[in-house]
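**Student:** Okay, handing you the structure first.
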């Protein structure tokens with residue numbers, strides 16, 4: 260459904276305002292009882308996933324596995340499963356979440372760089388696909404398979420060593436990355452060939468060049484090197500030795516505009532030009548997009564509690580800070596967020612734009628969502644809305660100051676404008692917080708006579 264302003268669902272200001280106003284009227288946001296809440300535009304997610312399937316449809320056999328780390332809420336994973344996605348996991352916990360969401364094990368891929376024997380044994384017993392991170396892990400898998408055969412698709416993660424993007428911490432194909440086997444290091448190419456020669460169950464290969472900040476040229480160059488190596492293996496050992504190539508995810512997200520649909524078409528076109536073998540049918544292909552799927556379709560709304568001035572600058576103290584926006588608070592120059600102002604009813608605020616700091620509730624000076632940002636004058640009872648936070652923000656909160664985890668709600672908008680909510684995560688309660696922080700481990704006090 261298009262928004263009333265003609266934009267696509269995830270980017271419609273009118274649509275976002277309708278969701279907020281409905282949330283206020285239904286008590287999901289309240290100045291005393293629900294100080295902060297998060298929302299996911301489920302219609303927008305569905306449209307984005309449809310675009311992904313459409314743009315990669317020229318590949319005869321492809322599985323799009325959502326990177327659970329980007330948003331690990333089980334109802335979100337279940338919704339993505341219903342949109343014909345698989346799931347990429349990187350821990351025992353994420354594997355449990357994927358299984359709880361209903362993913363078939365064969366549509367799950369396990370990518371952690373630190374898999375334990377127990378985790379490997381479980382994944383192999385279920386038939387979950389595995390990308391081994393290093394030669395030691397590969398030998399560990401071989402030992403387990405000697406005792407218990409598995410239906411798992413097993414591959415090796417390569418580091419194509421093509422360089423880093425604009426955010427070094429998010430780049431995984433530098434010369435010294437902790438991930439994968441460095442393809443160009445002395446002796447590794449022959450060791451890799453020997454591994455594929457020695458283990459007939461090793462039929463896949465994987466690479467992930469990095470996430471936000473990696474340009475398409477860097478990503479396609481990395482995938483091209485991996486496909487080139489797969490072709491080499493198949494030339495030396497037989498055409499069908501490697502049958503699957505996992506190209507990872509990492510497509511950058513547009514955090515500057517309201518346009519919601521990700522650049523899947525541009526990426527698919529770049530791959531078709533630079534890595535045509537992916538589209539030839541010689542290989543099954545897997546992708547692992549995460550942030551690209553969810554980021555644009557989530558937002559956080561938080562009440563403004565107080566406003567003040569310090570050194571001539573206005574400051575709005577809100578209930579959203581590092582506990583839901585840790586990346587932005589600690590690395591604001593790398594992960595800036597767009598912030599918009601709404602009144603207490605959910606309507607977008609107008610008026611003159613004034614430089615203001617938007618601060619969170621955490622008890623340290625750097626808990627700032629935005630500094631000197633031009634916004635309509637914020638007052639107590641207003642709300643700030645943090646855009647593009649559907650991945651890596653409210654889904655993985657930071658428990659600083661024991662601030663309660665906010666409720667998360669999926670929103671759909673019907674043709675007549677009616678907004679319907681589905682609870683994706685209930686707001687955390689004080690009893691739940693106390694239980695999580697060990698209160699239940701204290702001895703029960705004796706009852707005095």
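Residue numbers (our numbering): 260 to 708.
Here a beta-carbon is modelled for each residue, glycine too, at the ideal position from N, C-alpha and C.
Please name the residue, chosen from 511, 482, 398, 537, that lies closest to residue 375 on a Cα-to-Cα basis.
**Tutor:** Within the chain shown, the letter at position 116 stands for residue 375. It is 398 whose Cα lies nearest to the Cα of residue 375.
**Student:** Can you grab the Cα-Cα spacing for the pair residue 404 / residue 299, in whole Å?
**Tutor:** In the chain shown, counting from the first residue as 1, residue 404 sits at position 145. In the chain shown, counting from the first residue as 1, residue 299 sits at position 40. Near 42 Å, if we compare the C-alpha coordinates of residue 299 and residue 404.
**Student:** When DSSP labels each residue in this structure, what does residue 543 get in the three-state scheme?
**Tutor:** In the chain shown, the residue the question calls residue 543 occupies position 284. Residue 543 falls in the strand class under three-state DSSP.
**Student:** Could you check the C-alpha separation between residue 608 and residue 530 for me, to the nearest Å?
**Tutor:** Position 349 of the chain shown, counting from 1, holds the residue named residue 608. Position 271 of the chain shown, counting from 1, holds the residue named residue 530. So the alpha carbons of these two residues sit roughly 43 Å apart.
**Student:** Residue ranges of each alpha helix (DSSP H) run of no fewer than 4 residues wholly in the stretch 444-512, ordered along the chain?
**Tutor:** 447-457, 475-496
**Student:** Quick check on residue 395: buried or exposed, where buried means 16 or more other Cβ atoms within 10 Å of its Cβ?
**Tutor:** Within the chain shown, the letter at position 136 stands for residue 395. Residue 395 comes out exposed.
**Student:** Does residue 510 pass the burial test, meaning 16 or more other C-beta atoms within 10 Å, or should it be called exposed?
**Tutor:** Numbered from 1 along the chain shown, position 251 holds the residue referred to as residue 510. By the neighbour-count rule (16 or more Cβ atoms within 10 Å), residue 510 is buried.
**Student:** If distances are taken between C-alpha atoms only, which option among 606, 694, 571, 702 comes closest to residue 281?
**Tutor:** The residue labelled residue 281 in the question sits at position 22 within the chain shown. Looking at the Cα atoms, 606 is the closest of the given residues.
**Student:** With DSSP as the reference, label residue 351 as helix, strand or coil.
**Tutor:** For the purposes of this step, residue 351 is taken as the residue at position 92 of the chain shown. Reduced to three states, the DSSP call for residue 351 is helix.
**Student:** Pair every Cβ in the stretch 301-311 with every Cβ in the stretch 670-682, then say whether three or more of these pairs are closer than 8 Å.
**Tutor:** Yes, the stretch 301-311 touches the stretch 670-682.
**Student:** So residue 345 packs on residue 367, CB below 8 Å; how close in whole Å?
**Tutor:** In the chain shown, the residue the question calls residue 345 occupies position 86. In the chain shown, the residue the question calls residue 367 occupies position 108. Between residue 367 and residue 345 the Cβ distance is about 6 Å, and since that is below 8 Å, they are a contact.
**Student:** Go through its chain and collect everything with a Cβ distance to residue 683's Cβ below 7 Å, but skip five positions before and after it.
**Tutor:** Translated into positions along the chain shown, residue 683 becomes position 424. The residues are 299, 332, 334, 335, 667, 668, 669.
**Student:** Return the bridge partner residues of residue 568 from the DSSP annotation.
**Tutor:** Translated into the one-based positions of the chain shown, residue 568 becomes position 309. 573.
**Student:** In chain order, which continuous runs of the beta strand (DSSP E) of length 3 or greater are located wholly inside the stretch 678-708?
**Tutor:** Qualifying beta strand (DSSP E) stretches, in chain order: 678-684.
**Student:** How is the alpha helix (DSSP H) around residue 390 delimited, first residue to last?
**Tutor:** By one-based count along the chain shown, residue 390 stands at place 131. Taken as a continuous stretch (DSSP letters only), residue 390 belongs to no alpha helix (DSSP H), being part of the beta strand (DSSP E) at 388-391.
**Student:** If we ignore side chains and look at the alpha-carbon of each, how far apart do residue 446 and residue 465 end up?
**Tutor:** Translated into positions along the chain shown, residue 446 becomes position 187. Translated into positions along the chain shown, residue 465 becomes position 206. When rounded, the distance between both Cα atoms is 19 Å.
**Student:** Going by beta-carbon coordinates alone, are residue 625 and residue 653 separated by less than 9 Å?
**Tutor:** Indexing the chain shown from 1 puts residue 625 at position 366. Indexing the chain shown from 1 puts residue 653 at position 394. Their beta carbons are not under 9 Å apart, which means residue 625 does not touch residue 653 by this criterion.
**Student:** What's the gap between the Cα of residue 677 and the Cα of residue 604?
**Tutor:** Taking the chain shown and counting its residues from 1, the one referred to as residue 677 is at position 418. Taking the chain shown and counting its residues from 1, the one referred to as residue 604 is at position 345. Their backbone Cα atoms lie some 16 Å apart in a straight line.
**Student:** What did DSSP end up calling residue 279 once you bin it into helix, strand or coil?
**Tutor:** Here residue 279 is taken as the residue at index 20 of the chain shown, counted from 1. Residue 279 sits in a helix when the DSSP states are folded into three classes.
**Student:** Identify whether residue 312 lies in helix, strand or coil by the three-state DSSP scheme.
**Tutor:** Residue numbering aside, residue 312 sits at position 53 when the chain shown is read from its first letter. Residue 312 falls in the helix class under three-state DSSP.
**Student:** Based on DSSP bridge pairs, tell me the residues matched to residue 660.
**Tutor:** By 1-based counting over the chain shown, the position of residue 660 is 401. None, per the DSSP bridge assignment.
**Student:** With C-beta atoms as the reference, is residue 455 less than 9 Å away from residue 501?
**Tutor:** Position 196 of the chain shown, counted from the start, is the residue given in the question as residue 455. Position 242 of the chain shown, counted from the start, is the residue given in the question as residue 501. Yes, they are a contact pair.
**Student:** Looking at residue 582 and residue 656, is the spacing between their C-beta atoms short of 9 Å?
**Tutor:** Against the chain shown, residue 656 aligns to sequence position 397. Against the chain shown, residue 582 aligns to sequence position 323. Yes.
**Student:** What's the C-alpha gap between residue 637 and residue 562?
**Tutor:** Taking the chain shown and counting its residues from 1, the one referred to as residue 637 is at position 378. Taking the chain shown and counting its residues from 1, the one referred to as residue 562 is at position 303. Approximately 10 Å between the Cα atoms of the pair.
**Student:** Give the C-beta separation of residue 468 and residue 478 to the nearest angstrom, bearing in mind that I take them to be a contact with Cβ-Cβ under 8 Å.
**Tutor:** Position 209 of the chain shown, counting from 1, holds the residue named residue 468. Position 219 of the chain shown, counting from 1, holds the residue named residue 478. That pair is a contact at about 5 Å.
**Student:** Hey, would you say residue 527 sits closer than 9 Å to residue 317, going by beta carbons?
**Tutor:** Residue 527 sits at position 268 when you count from the first residue of the chain shown. Residue 317 sits at position 58 when you count from the first residue of the chain shown. Contact flag set, yes.
**Student:** Quick check: residue 382 and residue 354, are their CB atoms within less than 9 Å of each other?
**Tutor:** By 1-based counting over the chain shown, the position of residue 382 is 123. By 1-based counting over the chain shown, the position of residue 354 is 95. Yes, these two residues count as a Cβ contact at 9 Å.
**Student:** Within the same chain, show all residues whose beta-carbon is closer than 6 Å to that of residue 681, passing over the 5 residues directly before and after it, in chain order.
**Tutor:** Translated into the one-based positions of the chain shown, residue 681 becomes position 422. Counting only Cβ-Cβ distances below 6 Å, and skipping sequence neighbours, we find 669.
**Student:** Label residue 408 either buried or exposed according to how many other C-beta atoms from any shown protein chain fall within 10 Å of its C-beta, with 16 as the threshold for buried.
**Tutor:** Locating residue 408 in the chain shown gives position 149, counting from the first residue. So residue 408 ends up on the exposed side.
**Student:** Quick check on the burial criterion: 16 or more other C-beta atoms within 10 angstroms. Buried or exposed for residue 521?
**Tutor:** The sequence position of residue 521 within the chain shown is 262, counting from 1. So residue 521 counts as buried.
**Student:** Let me confirm a value: residue 364 is counted as buried when at least 16 other C-beta atoms fall within 10 Å, else exposed. Which label applies?
**Tutor:** In the chain shown, counting from the first residue as 1, residue 364 sits at position 105. Under a 10 Å Cβ-count criterion, residue 364 is classified as buried, with 16 or more other Cβ atoms of the shown protein chains found around its own Cβ.
**Student:** Could you tell me the boundaries of the beta strand (DSSP E) in which residue 666 lies?
**Tutor:** For this step, residue 666 is matched to residue 407 along the chain shown. Here the beta strand (DSSP E) through residue 666 covers 666-672.
**Student:** Assuming residue 661 and residue 692 make a contact with CB atoms under 8 Å, what is their CB distance in whole Å?
**Tutor:** Here the question's residue 661 lines up with position 402 in the chain shown. Here the question's residue 692 lines up with position 433 in the chain shown. With 8 Å as the limit, residue 661 and residue 692 qualify as a contact, their Cβ atoms being about 6 Å apart.
**Student:** Between 644, 645, 555, 406, which has its C-alpha nearest residue 308's C-alpha?
**Tutor:** Sequence index remark: in the chain shown, residue 308 carries index 49 (1-based). Proximity to residue 308 across 644, 645, 555, 406 peaks at 555, based on C-alpha coordinates.
**Student:** Roughly how many angstroms separate the alpha carbons of residue 702 and residue 695, rounded to a whole number?
**Tutor:** Translated into the one-based positions of the chain shown, residue 702 becomes position 443. Translated into the one-based positions of the chain shown, residue 695 becomes position 436. The straight-line gap from Cα to Cα measures roughly 16 Å.
**Student:** State the DSSP-derived secondary structure class of residue 630, mapped to helix, strand or coil.
**Tutor:** Within the chain shown, numbered from 1, the residue matching residue 630 stands at position 371. Strand, per DSSP.
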